[in-house]
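Colleague: First the structure, which I've put down as structure tokens, then a few questions once you've had a look.
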Amino acid sequence: MSEEETKKLLRENFKAAVDLPAVMNGCLSLCKTFNFAGDELFYQWEAYSYGLGGYDKRLSEERLQPFRDHLQRNLQRGSTVTKKRATDGARIGTPAKALKSSALASRMLANVGGSTPRREVAVKMEDSPSTPGALGTSTTRNRIVPSERTNAFTYRYLQDKLLQKGETLNRRIDEFGSYVKEYYGLDELADPNVATEDEVYIVGRICDDSESKLTESNLLLEPSKAVGEGEAKRIPIRFAPTGFQFHAPPSQGTGTVSRTGIGLFPGAMAAFKGITAHGQEGAFFMVKEVLPLPPLKPLKPKVPPPLSFTTVVVCGPYTYDSDLEYQPVAALMKAVAQIKPQALVLMGPFVDSNHPIIQKADLDMTVDDLFLRKIAVPLRNYILNQQPDLSVAFMPGVRDLVSFHNLYPQSSVMGPENFRSWKPQQGTPPWSFLSNPGIFSIHGLTFGATSVDVLFHLRRQEVFKPLPGAVQQDPMAGLCRHILDQRSFYPIYPVPTDNSQEVNLDVSHSHLLSIPNDSIPDVVILPSRLKEFSKIVDGIVFINPSSATKFNNAGMLAKVTVNAMLEGTERISVDLVKL
Numbered sequence: 001m002s003e004e005e006t007k008k009l010l011r012e013n014f015k016a017a018v019d020l021p022a023v024m025n026g027c028l029s030l031c032k033t034f035n036f037a038g039d040e041l042f043y044q045w046e047a048y049s050y051g052l053g054g055y056d057k058r059l060s061e062e063r064l065q066p067f068r069d070h071l072q073r074n075l076q077r078g079s080t081v082t083k084k085r086a087t088d089g090a091r092i093g094t095p096a097k098a099l100k101s102s103a104l105a106s107r108m109l110a111n112v113g114g115s116t117p118r119r120e121v122a123v124k125m126e127d128s129p130s131t132p133g134a135l136g137t138s139t140t141r142n143r144i145v146p147s148e149r150t151n152a153f154t155y156r157y158l159q160d161k162l163l164q165k166g167e168t169l170n171r172r173i174d175e176f177g178s179y180v181k182e183y184y185g186l187d188e189l190a191d192p193n194v195a196t197e198d199e200v201y202i203v204g205r206i207c208d209d210s211e212s213k214l215t216e217s218n219l220l221l222e223p224s225k226a227v228g229e230g231e232a233k234r235i236p237i238r239f240a241p242t243g244f245q246f247h248a249p250p251s252q253g254t255g256t257v258s259r260t261g262i263g264l265f266p267g268a269m270a271a272f273k274g275i276t277a278h279g280q281e282g283a284f285f286m287v288k289e290v291l292p293l294p295p296l297k298p299l300k301p302k303v304p305p306p307l308s309f310t311t312v313v314v315c316g317p318y319t320y321d322s323d324l325e326y327q328p329v330a331a332l333m334k335a336v337a338q339i340k341p342q343a344l345v346l347m348g349p350f351v352d353s354n355h356p357i358i359q360k361a362d363l364d365m366t367v368d369d370l371f372l373r374k375i376a377v378p379l380r381n382y383i384l385n386q387q388p389d390l391s392v393a394f395m396p397g398v399r400d401l402v403s404f405h406n407l408y409p410q411s412s413v414m415g416p417e418n419f420r421s422w423k424p425q426q427g428t429p430p431w432s433f434l435s436n437p438g439i440f441s442i443h444g445l446t447f448g449a450t451s452v453d454v455l456f457h458l459r460r461q462e463v464f465k466p467l468p469g470a471v472q473q474d475p476m477a478g479l480c481r482h483i484l485d486q487r488s489f490y491p492i493y494p495v496p497t498d499n500s501q502e503v504n505l506d507v508s509h510s511h512l513l514s515i516p517n518d519s520i521p522d523v524v525i526l527p528s529r530l531k532e533f534s535k536i537v538d539g540i541v542f543i544n545p546s547s548a549t550k551f552n553n554a555g556m557l558a559k560v561t562v563n564a565m566l567e568g569t570e571r572i573s574v575d576l577v578k579l
């Protein structure tokens, strides 16, 4: 991003505070040092400024250095966090209720033993001189490159305040309002609560009027405060009795698809054309046309990957519900040895706080020991003995006891320090660590992924309004399209009550769930308890690789093969393989 683009984002977010040259130059320096875009720096400032005393929380020249120190501490904490270990003889006796917060539970499990002297974890990651086949020469590794914004996920949690939540949600409505106006060439958007004789265009967030499941009869739309004169008053949405139609896209529009209806869910951004009418229960907005949300447009042309490669994708849990033996990991390593991929992407949970044995607190080792023995050491041995050029990426799950951050969006920091820092005696580190959700690239091909089961949540929350006479198309493709239309890996708000523990959403950092125009994925990985699939949606390959286990049965992995000699989606083939 150029300096002028950064300055523009800084002015849009910090307003008059950056009119002073010293403040603007300080902000530019921070953006360059910590690799932030202008709006990302503003979000960091918002989180930091809530801890400041007094009412004046504007950025000033005097506050630049303390703010820089805060960012540096966060960065160092993300790269050097260590955890104290329990003693060998300590038997875990933590109540199961304490395990519902994975970060808290991890610390509780690791610190059992009261005043017993601490020791380093018994499982070692160092290369053993007697390890058969250990490499004696350096190797060239196919690196998995995480997105530049990964560091932004290592943030300090501050409890969301209602005002802060409201401002974050309203900001998202404003963003989509700008997208719609620009894409369709509209002069203005209307307040749906104001009655007019003419049809008007509106944009807002879908809500419901109760805690029950969203239905067509309880649909509400919340507009932006900007069109509501400072008030975001919700209004019921009703579709015209004669049906509705889709608004014609602009002639220069690309990426439009044939749609058989509209799927809505709590938190969805929506754009409509219609009129405000009055009935027995008060005012409502009657929808006559639905405006498909503007498609994502890359900021620069996609460059084909220069090399062909294969990657394997697997999602946790990695052990059966009946034990903690991690038998599927052995099956996974056998499959990897047969496929010989250049990259392996492992998604959490790795040590699941919902596992029946862990919930009973029936463990005789720390969770770090469990992770090292059952996952890290087998991977290390495979790399040393069979495939020295393999790159492995880890993405935590929100329920992971080896994650230092059990909020969503989730930091990439996970596992004990001796695991994170391990590398062969001669060679480059094999591990990469991905935020959740995460965007990363392999040989220039961009992947996006999240370990949260967003497809299942969408399926349960969605209400679908078909076009009159239309034939229903693939529902899974429709769920995947929501991710693209909403430009978010998790567009649902609020999180369904039944799934709150799986998500633990931090609304104030929900901008990190977005899919940015400069990193539109070629492949999107969405593990789900729904049936595994691979399909192309709007020119992007979507994969549901399922999980490594299903209760007490073996699960699946996804083998992704990229042929650099082909173009478009034809260069990507996906095989779903049973473990």
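Those letters in the sequence shown? Residues 1 to 579, by the UniProt record's numbering. All residues carry an ideal CB built from backbone N, CA and C; glycine is no exception. Computed from a prediction, not measured in an experiment: that's the story for all the values here.
I need the DSSP call for K273, collapsed to helix, strand or coil.
Modeller: strand
Colleague: Can you find the residues in the same chain that come closer than 8 Å, C-beta to C-beta, to V121, ignoring five residues on each side of it along the sequence?
Modeller: Note that V121 scores a pLDDT of 41, beneath 50, so its modelled location is shaky; the value from the coordinates is reported in the next line. Within the same chain, V121 has close Cβ partners R85, T366, D368, D369, L372, P416, N418.
Colleague: I'd like to check one pair, L264 with I173: are the Cβ atoms closer than 7 Å?
Modeller: Not closer than 7 Å, so no.
Colleague: Given E222, which residues of its chain have a CB within under 6 Å of its CB, disregarding the five upstream and five downstream residues?
Modeller: G204, R205, C207, A232, R234
Colleague: Starting from the Cα of S432, find the closest Cα among I144, A37, S60, R73 and give me that residue.
Modeller: I144
Colleague: So, with DSSP's three-state summary, where would you put Y408?
Modeller: strand
Colleague: I need the straight-line Cα distance from G53 to F533, nearest angstrom please.
Modeller: Summary for G53: the model assigns pLDDT 45, below 50, so the residue's position carries little reliability, and this model does not support an answer.
Colleague: On the premise that G228 lies in contact with D191, defined as a C-beta separation below 8 Å, what is that separation, rounded to the nearest angstrom?
Modeller: 5 Å
Colleague: If the criterion is Cβ atoms closer than 7 Å, does the pair M347 and S451 meet it?
Modeller: yes
Colleague: Since I believe G438 is in contact with T242 (beta carbons under 8 Å), could you give me their beta-carbon distance rounded to a whole number of angstroms?
Modeller: Not a contact, Cβ separation roughly 45 Å.
Colleague: Three-state secondary structure (DSSP) at H247?
Modeller: coil
Colleague: CA-CA distance, T446 and C315?
Modeller: 19 Å
Colleague: If you reduce the DSSP assignment to three classes, tell me which class L579 lands in.
Modeller: Of the three classes helix, strand and coil, the one that applies to L579 here is coil, per DSSP.
Colleague: Under 7 Å between the Cβ atoms of Y493 and G267?
Modeller: yes
Colleague: Return the CA-CA distance between K300 and A393, expressed in angstroms with no decimal places.
Modeller: 26 Å
Colleague: Spatial neighbours of D522 within its chain, please: C-beta separation below 6 Å, excluding the five flanking residues on both sides.
Modeller: L445, T446
Colleague: Report yes if the C-beta distance between L344 and A564 is below 7 Å; otherwise report no.
Modeller: Their beta carbons are not under 7 Å apart, which means L344 does not touch A564 by this criterion.
Colleague: Hey, quick one: how far does the alpha helix (DSSP H) through L293 stretch, first residue to last?
Modeller: Bounds of any alpha helix (DSSP H) do not take in L293, whose DSSP letter is neither H nor E.
Colleague: By the DSSP assignment, the beta strand (DSSP E) with R238 in it spans what residues?
Modeller: 235-239
Colleague: In this structure, how does DSSP classify M395 when only helix, strand and coil are distinguished?
Modeller: strand
Colleague: For Q472, which residues in the same chain have their Cβ closer than 7 Å to its Cβ, ignoring the five residues on either side in sequence?
Modeller: T260, P466
Colleague: Specify the secondary structure class of F284 as computed by DSSP and reduced to three states.
Modeller: strand
Colleague: Which of the three DSSP states, helix, strand or coil, is assigned to L512?
Modeller: helix
Colleague: Beta-carbon within less than 8 Å of D69's beta-carbon, same chain only, minus the 5 sequence neighbours each way: which residues are those?
Modeller: none
Colleague: What separation, rounded to the nearest whole angstrom, lies between the Cα atoms of V200 and K273?
Modeller: 6 Å
Colleague: What's the call for G469, buried or exposed, on a 16-neighbour Cβ count within 10 Å?
Modeller: An exposed status is given to G469, since fewer than 16 other beta-carbon atoms sit within 10 Å of its beta-carbon.
Colleague: Would you list the residues sitting across from M347 in a DSSP beta bridge?
Modeller: C315, M395
Colleague: Quick check: the Cα distance between P496 and T215, rounded to an integer number of angstroms?
Modeller: Approximately 14 Å, taken between the alpha carbons.
Colleague: Might you give, ordered along the chain, the residues of its own chain that have their beta carbon closer than 6 Å to the beta carbon of S441, omitting 5 neighbours on each side?
Modeller: Here the set comprises V145.
Colleague: Do N504 and N406 come within 7 Å of each other at the CB atom, strictly closer than that value?
Modeller: yes
Colleague: Could you give the distance in angstroms between the alpha-carbon of L163 and the alpha-carbon of K15?
Modeller: 19 Å
Colleague: Give the secondary structure of S573 by DSSP, where H, G and I count as helix, E and B as strand, and everything else as coil.
Modeller: strand
Colleague: Nearest to Q410 by alpha carbon, out of S508, Q386, Q425?
Modeller: S508
Colleague: Between the Cα of S412 and those of Y318, C27, L59, S147, spot the shortest distance and give me the residue it belongs to.
Modeller: S147
Colleague: Per DSSP, what kind of secondary structure is K83 in: helix, strand or coil?
Modeller: Model confidence at K83 stands at a pLDDT of 35, short of 50, so the residue's coordinates are unreliable; what they give is reported in the following sentence. Shown here, K83 sits in coil according to DSSP, grouped into three states, outside any helix or strand.
Colleague: Pick helix, strand or coil for D208, following the three-state DSSP scheme.
Modeller: strand
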